[in-house]
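Everything on this sheet refers to the single structure shown next.
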Amino acid sequence: LSDIATKGLDALNSLTSANPLQALKQSEPLKQLDKFTQSNPLDSLNSLTQLNPLNSLNSLLSQGGSRTLYGVITQFSQLSVSNDEARYQVVLSSQLAKLALSHNCAIFQNQSVISVVEEVLRGHGYTGIDYRLALKEQYPEREFITQWQESDLEFIQRLLADVGVYFRFETHGEHNCDVMVISDYEQGYQQVADIVYKQPSGTLDNGVESVWDMTLHSQMVEASVTVQDYNYRDAQANLLGEVNSQQKDNTTYGTDYRYDEHYKGLNSNGNSNNGIDSDTNNNNDDADDENSGDIDTDDSNGNNNDNSSDISTNSGNTSNGVESGEWYASIRHERAISRQILIRGKSNQANLAPGQHIRIKGSAIAGIDEGIMILTVQGQGNRSDAYELSFTAIPYQPLKPYRPEPIPFPTIDGTLPARVTSPDNDTYGYIDTQGRYRVKFNFDLKKWRNGEESLWLRL
1 LSDIATKGLD
11 ALNSLTSANP
21 LQALKQSEPL
31 KQLDKFTQSN
41 PLDSLNSLTQ
51 LNPLNSLNSL
61 LSQGGSRTLY
71 GVITQFSQLS
81 VSNDEARYQV
91 VLSSQLAKLA
101 LSHNCAIFQN
111 QSVISVVEEV
121 LRGHGYTGID
131 YRLALKEQYP
141 EREFITQWQE
151 SDLEFIQRLL
161 ADVGVYFRFE
171 THGEHNCDVM
181 VISDYEQGYQ
191 QVADIVYKQP
201 SGTLDNGVES
211 VWDMTLHSQM
221 VEASVTVQDY
231 NYRDAQANLL
241 GEVNSQQKDN
251 TTYGTDYRYD
261 EHYKGLNSNG
271 NSNNGIDSDT
281 NNNNDDADDE
291 NSGDIDTDDS
301 NGNNNDNSSD
311 ISTNSGNTSN
321 GVESGEWYAS
331 IRHERAISRQ
341 ILIRGKSNQA
351 NLAPGQHIRI
361 KGSAIAGIDE
371 GIMILTVQGQ
381 GNRSDAYELS
391 FTAIPYQPLK
401 PYRPEPIPFP
411 TIDGTLPARV
421 TSPDNDTYGY
431 IDTQGRYRVK
441 FNFDLKKWRN
451 GEESLWLRL
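Residue numbers (the UniProt record's numbering): 1 to 459.
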């Protein structure tokens with residue numbers, strides 16, 4: 001059994017992929033799934049098909065270091081057969097890739113975004129070993145979150161990106177598995193050793209790990225973000241806000257106006273805000289939220305699990321400004337600023353991965369004295385060429401965390417059938433003091449207490 005070639009992709013907030021065709025190639029985007037594809041000549045098909053679905057890919061490098069990638073085999077192909085050998089292709093993906101095969105429509109109630117993500121992960125067998133929270137903020141409960149015709153993977157990616165939370169992967173050496181790290185600030189990056197800037201001599205690097213061919217690309221981005229929303233409980237409330245997190249930067253211009261970020265208060269998340277009633281939390285709980293694609297279900301079995309954040313408890317009962325109007329404007333502008341400067345380079349450091357904070361010694365690029373944060377990695381090598389990585393990164397800036405690109409909410413075309421509900425033994429549909437009803441949506445498969453199947457809705 002020998003490897004002809006391998007390719008891959010790894011990125012922050014994505015899954016890692018590797019794909020062996022003609023060359024050893026691995027790439028990792030920050031925020032995506034991990035996938036590693038291998039092309040192998042084998043003596044027999046059975047020698048590979050009998051492998052356990054949970055596998056690791058080790059000893060990829062001919063030089064000193066090695067890296068172990070853990071995951072699940074998601075694809076297997078026979079590429080060619082001859083008298084001398086049979087050649088196959090295998091795709092090794094992160095365990096998270098399996099969530100892309102589960103598509104759901106669901107409702108979640110009275111849970112924070114982090115709580116919903118944990119519920120989905122635990123529903124797929126994830127334990128406290130398989131994922132880790134490294135969060136700075138405490139995220140408030142939302143009264144209603146909807147998953148609408150999305151895979152579970154798409155759903156949690158959308159929820160996390162909406163509140164500026166990214167995820168990356170690291171290896172758990174003791175338990176031999178990959179770990180999903182969920183974080184919202186710069187301390188969630190993985191700190192690694194410094195690396196020297198040095199061009200290899202010809203095709204030889206003499207086993208010295210280095211970085212070379214670094215380039216910098218900068219662009220103008222929006223100078224500010226303006227947000228606006230509407231809360232029917234206080235129709236006269238001013239929910240218009242604007243944030244410019246880089247007021248002294250003369251390379252920014254223009255305004256990104258974003259309407260309907262689904263917040264109740266401009267300076268608070270809605271638990272208390274100048275007369276706005278606090279019967280719900282941060283997101284608008286009107287029927288309009290059905291179209292936002294954000295609905296959450298109650299998790300009576302696992303709302304409080306043992307995998308708490310490194311910084312906060314994320315209890316959901318918080319009165320800070322997280323998920324307020326100005327908070328949304330701030331993280332949206334942080335996203336714009338993180339796109340302002342992009343660094344590209346090459347390296348033979350096999351363990352380079354998205355989410356790592358690295359200092360470069362001897363680089364001529366200005367403005368990266370604090371180091372860089374790796375966004376994507378794509379590596380390749382074969383029997384004739386040395387292993388080489390191409391990476392993209394952004395300058396590391398304390399107090400300016402990376403924010404993923406928000407993912408559009410799915411839209412619901414037309415109307416959704418639902419039935420007005422009430423508690424047991426009520427003859428008529430129950431309404432609250434504002435004349436609102438609760439309903440049971442036909443698409444919702446969860447079991448709720450009678451009269452608690454939804455948030456309060458205006459009909």
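Quick reminder that beta carbons are idealized off the backbone N, C-alpha and C, glycines included.
Starting from the Cα of residue i, find the closest Cα among the options and give me that residue.
i	options	result
residue 475	ASP194, ALA237, GLY429 and ALA393	Because the chain in this structure spans residues 1 to 459, residue 475 falls outside the shown range and cannot be described.
TRP212	LEU342, ARG458 and PHE391	PHE391
HIS333	ASP194, VAL225, ALA237 and GLN199	VAL225
ILE372	TYR197, ARG158 and ALA100	TYR197
CYS177	GLY379, TYR263 and SER94	SER94
SER112	GLU323, ASN450 and GLN187	GLU323
GLU169	ASP10, GLY265, ILE73 and PRO200	Here residue 169 is Phe; the residue named in the question, Glu, does not match the sequence. Ranking the options by Cα distance to PHE169, first place goes to ASP10.
ASP413	GLN149, ASN425 and GLU118	GLN149
ALA336	TYR402, GLY379 and GLN380	TYR402
GLU174	LEU399, ILE343 and ILE129	ILE129
THR68	ASP444, PHE144, VAL179 and LYS400	VAL179
GLN340	GLN219, ALA350 and ALA86	GLN219
HIS262	ILE145, ALA100, LEU135 and VAL181	ILE145
ASP432	LEU457, PHE443, ASN442 and PHE441	LEU457
ALA366	ILE343, THR376 and PRO354	ILE343
For my contact list, residue i and residue j are in at a C-beta cut-off of 8 Å; report their separation, rounded to the angstrom.
i	j	result
ALA106	LYS446	7 Å
ARG438	SER454	5 Å
SER151	VAL165	Their Cβ separation, rounded to whole angstroms, is 18 Å, which puts SER151 and VAL165 out of contact at 8 Å.
GLY325	GLY265	7 Å
TYR185	VAL163	Actually they are not in contact, since the Cβ atoms of TYR185 and VAL163 sit about 12 Å apart, beyond 8 Å.
GLY188	ALA329	Contact flag wrong, Cβ pair sits at about 22 Å.
GLN397	LEU389	Contact doesn't hold; Cβ gap of about 23 Å is too wide.
Helix, strand or coil for residue i per DSSP?
i	result
GLN236	coil
ASP152	helix
ILE331	helix
SER218	strand
LEU266	coil
GLY188	helix
LEU159	helix
VAL337	Sequence inspection shows Ile at residue 337; the Val mentioned does not correspond to that position. In this structure, ILE337 counts as helix in the three-state DSSP scheme.
GLU85	coil
LEU399	coil
LEU375	strand
ALA193	coil
GLY325	helix
GLN199	coil
GLN147	strand
LEU455	coil
ALA11	strand
LEU97	Checking the sequence shown, residue 97 turns out to be Ala, not Leu. ALA97: helix per DSSP, three-state reduction.
TRP448	coil
For chain C, is any of its Cβ atoms less than 9 Å away from the one on residue i?
i	result
PHE443	Absent from the structure: chain C. Only one protein chain is present.
Item checked: Whole beta strand (DSSP E) elements within the segment 99 to 139, 3-residue minimum -> 103 to 111 and 131 to 134
Next item on the list: Indicate whether the contact test is met: 3 or more Cβ pairs, each with one atom in the segment 88 to 102 and one in the segment 66 to 80, closer than 8 Å.
Entry: yes
Margin query: Quick check: the segment 157 to 164 against the segment 395 to 410, are at least 3 beta-carbon pairs closer than 8 Å?
Written below: yes
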